[in-house]
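Counting the sequence shown from 1 gives a position; the numbering used here is that position plus 527.
Every residue, glycine too, gets a C-beta built ideally from N, C-alpha and C.
For reference, the structure discussed in these notes is given below.
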Amino acid sequence: MSHEDPDRPPTMRASAHDTVVRSISGRPELRQVTQVQEWRVERTLDDDGGVVLSIVAPGGESQSFLVGQADAHDIGEVLRRKAACVERLEHGEPQR
Numbered sequence: 528m529s530h531e532d533p534d535r536p537p538t539m540r541a542s543a544h545d546t547v548v549r550s551i552s553g554r555p556e557l558r559q560v561t562q563v564q565e566w567r568v569e570r571t572l573d574d575d576g577g578v579v580l581s582i583v584a585p586g587g588e589s590q591s592f593l594v595g596q597a598d599a600h601d602i603g604e605v606l607r608r609k610a611a612c613v614e615r616l617e618h619g620e621p622q623r
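Here it is as structure tokens:
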């Protein structure tokens, strides 16, 4: 018997796609990843300043994550720095 809500998209399954990342420790580590087809960031209605990050995979599976205010700020900063780095590379500027 399934307890899933028929009005909601299915939850993401484990992915068969692997990639290697440089971990916080600096060592390369293998990660299972899922391609992102769509994503949304929405504010919670609570007063805590948190956000909900929702991700949809190519097969329609979705997962939502509650992210606290401090972590949401940190994620934003990392993405801003990454975007600035990509922009510099696209304009032929050397990496720093």
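In the displayed model, Asp545 falls within a strand according to three-state DSSP. Between the C-alpha atoms of Thr571 and Ile551 there is a straight-line separation of about 29 Å. With a 10 Å radius around the Cβ and a threshold of 16 neighbouring Cβ atoms, Val560 comes out exposed. Gln596 carries a helical assignment under DSSP once its states are collapsed to helix, strand and coil.
Assigned with DSSP and collapsed to three states, Glu620 falls in coil, not helix or strand. If you ignore the 5 residues before and after Ser591, its C-beta comes within less than 6 Å of the C-beta of Val579, Ser581, all in its own chain and listed in chain order. His600 is the residue among His600, Gly619, Gln562 whose C-alpha sits nearest the C-alpha of Val568.
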